[in-house]
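Report on one structure; see the data block that follows.
Protein chains: 2
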Amino acid sequence: MANIRDVADSAGVSVATVSRTLQQPERVSPKTRNKVMAAVQAVGYKPNLMAVKFRSGKTHNLVVLVPTVANVFFARVISGMQEAAAELGYSILLANTLGNSEIESHYAKMVSTSQADGLIQLRAHNPFDATMINDNGLLPMVNACEVIDDGQYPVVSLDNRAAAKAMTEHLISLGHTRIAMIKGPNSSPLTQERLVGYKDALAQANIAFDESLLFPGDFTLQAGYNAGETISHLESRPTAVFCENDETAIGAMQAFKQANLHVPNDISVAGFDDIAFSAFVDPPLTTIAQPAEEFGRTAVTLLVDLLNGKIRKAPKVIMPFELIVRESTGKALG
Amino acid sequence: MANIRDVADSAGVSVATVSRTLQQPERVSPKTRNKVMAAVQAVGYKPNLMAVKFRSGKTHNLVVLVPTVANVFFARVISGMQEAAAELGYSILLANTLGNSEIESHYAKMVSTSQADGLIQLRAHNPFDATMINDNGLLPMVNACEVIDDGQYPVVSLDNRAAAKAMTEHLISLGHTRIAMIKGPNSSPLTQERLVGYKDALAQANIAFDESLLFPGDFTLQAGYNAGETISHLESRPTAVFCENDETAIGAMQAFKQANLHVPNDISVAGFDDIAFSAFVDPPLTTIAQPAEEFGRTAVTLLVDLLNGKIRKAPKVIMPFELIVRESTGKALG
DNA sequence: GTGAAAGCGCTAACAT
DNA sequence: ATGTTAGCGCTTTCAC
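Protein chains in written order, with the UniProt record's numbering: chain A, 1 to 334; chain B, 1 to 334.
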């Protein structure tokens, strides 16, 4: 592989001039600039960016920790990140962590070992341990989607409480009073916040909160199906089910159908996220739309600002949500 | 940040000894080894891996070109890649190319500029252009899932022809003779091969091939819906539809339902890929299961072998498929 | 405007 | 078993 010295020799200039021509062309006379460019072509020079990154101390790599890329919502977030990163001249190092702290730790180490400039975490968990903390204390990280809101790191999140309240209000406005909730893992702050929003709406409508209407889940189709089956066989069945994501809702709907329950006549079902599939299931799913791609774009932009020292203290960005009413929710009958 | 020299000074040894202790501990006496490890702790040393990669000429990064991470099947492939890469000590640089040659080219350049050791392409398109070819000619690449089979690069694929034939035979065995096909983009070799398999099965059963039974698509839910709508309104409707992926099939089923067509009584629907959603739609989808994660693992393993010179000429790996019969396909009625 | 030269942090001969 | 030393390819003062 031709290196910068070969170009210099071929052009009859010094390596410094070649470097300048490539980095700050305006500081080189047009004449030598042409000579250099010709030499670059002639020897087929391609800069060794590993050397550049090493020398400059900037890798222009960003590590992204995703609980699972197989989640359609995260896939959209990642798309947004890719776009923003490309525009800003950064590359994304994607880590599929499966929520495993060890895997997270492994990738987080890339920041402390100068392989990446910063990190984006999509889970409410600090991936850095004591050995990774650098001299200044905090490593550059942005926390998005599911966040730890302790003011240490910039955060991009949804007002999950308000969104859950909006959905619950929608259900209540249709006459439902026994509204079940299929939840995410209790370890997830998302779940906590949404539960509060759900209770807010109940309280506002003077409906007593009933703990027995809460069902466990983990954001998967299967978990939704399992909860749906349980709910189908309940003696005093709720008339509506609010699921914490669309996969869960789709799984639950499937269970209801197999139990010969009609959605929404026998039971209304609502989801969260508005993934593409939700518009194409039968009946189309009522859900909360989140600007997934925007989440990604914002997280990257924030991280790059952080790296460039353009941010004083950890900002907190709240993204907007939208209630999407489709046909899986209807009036409470009977 | 403490560097290797600081550790050496602190331990009272040379930098070479520190390097050896970290890379090949067996070549250092236990006594100095302990001294060095203590010093590493004391000064909080974290090796600058950018320097290591630069110096060693091996980045241990692999670029992966994915048409879209939002595709559930690719998400599974990526999961498999992550796993294998982690085991082999490599990191994945994921590029969401949206099938755009310029974006592909941008990321492919990472290989020729020493930012990554090799590349995995999931689309039938050579991402390298003339400026990227290195002295030896070919850059290290493995082509998986949708492949260009010209013998230049290692390939991991499915026997799409046989799989499509198997599915068509299944439909024929149920008594169907008018079997429509909702296709992928014509530019995709996948589509060509599957069409051949479909024709194979028809010919074998002495059913005339009818070009008017072919409908365009692009692997999305929406395309499936559109084709499904068209098919619903046909005067002489096919009794079965073979879709080139599950998203397309799910979109089509939705259109059939809205046209009051019952699946499978009025029309059978089959997909391809066996994504998670397919078992949770109504009715559950008959499809072809592909070992997605294995695709990813195999591609990574092959690429690493290639990088280590363990491969002479481009191997061709054919992954197994499995026909999954669920309830979306049934006997041809009437 | 251009060149000479010093290193970034590390590995790998080569010596001892 | 350990130390010395020469770079890897590039950027960046500091001279001229």
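No residue lacks a Cβ here, since even glycine has one placed at the ideal position from N, Cα and C.
query, result
"Runs of beta strand (DSSP E) wholly within the segment 217-287 of chain A (minimum 3 residues, chain order)", "240-243 and 268-270"
"CA nearest to the CA of residue 332 of chain A, picked from A:243, A:177 and A:321", "A:177"
"Alpha-carbon spacing of residue 166 of chain A relative to residue 159 of chain A, whole angstroms", "11 Å"
"Closer than 9 Å to chain B by CB, residue 94 of chain A", "yes"
"Buried versus exposed, by CB contacts within 10 Å (16 or more), residue 254 of chain B", "buried"
"Inter-residue spacing [alpha-carbon to alpha-carbon] between residue 82 of chain B and residue 101 of chain A", "15 Å"
"Interface partners of residue 47 of chain A on chain B, CB under 9 Å", "113 and 114"
"Residue 198 of chain B: contacting residues in chain A (beta-carbon distance under 9 Å)", "Those within 9 Å of residue 198 of chain B in chain A number zero; the least Cβ separation is about 24 Å."
"Residue 209 of chain A to residue 168 of chain A span [Cα, whole Å]", "12 Å"
"Pick from B:125, B:124, B:108 and B:126 that is closest to residue 118 of chain B, judged by C-alpha positions", "B:108"
"Opening and closing residue of the alpha helix (DSSP H) in which residue 158 of chain B lies", "Counting along the chain, residue 158 of chain B falls outside any alpha helix (DSSP H), though it belongs to the beta strand (DSSP E) covering 155-158."
"Rounded separation between residue 106 of chain A and residue 127 of chain A - CA only", "9 Å"
"According to DSSP, residues forming a beta bridge with residue 337 of chain A", "With chain A represented from 1 up to 334, any question about residue 337 of chain A goes unanswered, as that position is not in the structure."
"Cβ pair residue 244 of chain B, residue 71 of chain B closer than 9 Å", "no"
"Contact with chain B by residue 280 of chain A, beta-carbon distance below 9 Å", "yes"
"Beta carbon proximity, residue 5 of chain A to chain B, threshold 9 Å", "no"
"According to DSSP, residues forming a beta bridge with residue 183 of chain A", "Note: residue 183 of chain A sits in no beta bridge, so no partner."
"Residue 91 of chain B (DSSP reduced to helix, strand or coil)", "strand"
"Stretch pair the segment 138-150 of chain A + the segment 321-329 of chain A: three plus CB contacts closer than 8 Å", "no"
"For residue 15 of chain A, the first and last residue of its enclosing alpha helix (DSSP H)", "15-23"
"Endpoints, beta strand (DSSP E) assigned at residue 330 of chain A", "Segment: none, residue 330 of chain A is in no beta strand (DSSP E) and carries neither H nor E."
"Three-state secondary structure (DSSP) of residue 74 of chain A", "helix"
"Three-pair Cβ contact test at 8 Å for the segment 251-271 of chain B versus the segment 260-274 of chain A", "no"
"Alpha-carbon to alpha-carbon, residue 58 of chain B and residue 33 of chain B", "26 Å"
"Chain-ordered chain A contacts of residue 254 of chain B [CB-CB under 7 Å]", "280 and 282"
"Nearest to residue 114 of chain B (by Cα), restricted to the options A:50, A:239 and A:11", "A:50"
"Per-residue contacts from residue 37 of chain A into chain B (C-beta, under 7 Å)", "Simply none; closest approach about 14 Å."
"When A:226, A:18, A:55 and A:240 are compared against residue 35 of chain A, the one with the closest alpha-carbon", "A:18"
"Contact set between residue 54 of chain A and chain B, taken where Cβ atoms lie within less than 7 Å", "50, 51 and 54"
"Chain B contact for residue 44 of chain A (CB, 9 Å cutoff)", "yes"
"Proximal residues of chain B, C-beta to C-beta of residue 59 of chain A below 7 Å", "50"
"Residues bridged to residue 54 of chain A [DSSP beta-bridge criterion]", "Bridge partners of residue 54 of chain A: none, in fact."
"Cut-off 8 Å between Cβ atoms - residues of its own chain near residue 88 of chain A, not counting five sequence neighbours on either side", "300, 301 and 304"
"Residue span of the alpha helix (DSSP H) that contains residue 174 of chain A, given as start and end", "Neither: residue 174 of chain A is in no alpha helix (DSSP H) and is coded neither H nor E."
"Segment limits, beta strand (DSSP E) that includes residue 118 of chain B", "118-121"
"Inter-residue CB distance, residue 291 of chain B and residue 320 of chain B (contact presumed, cutoff 8 Å)", "7 Å"
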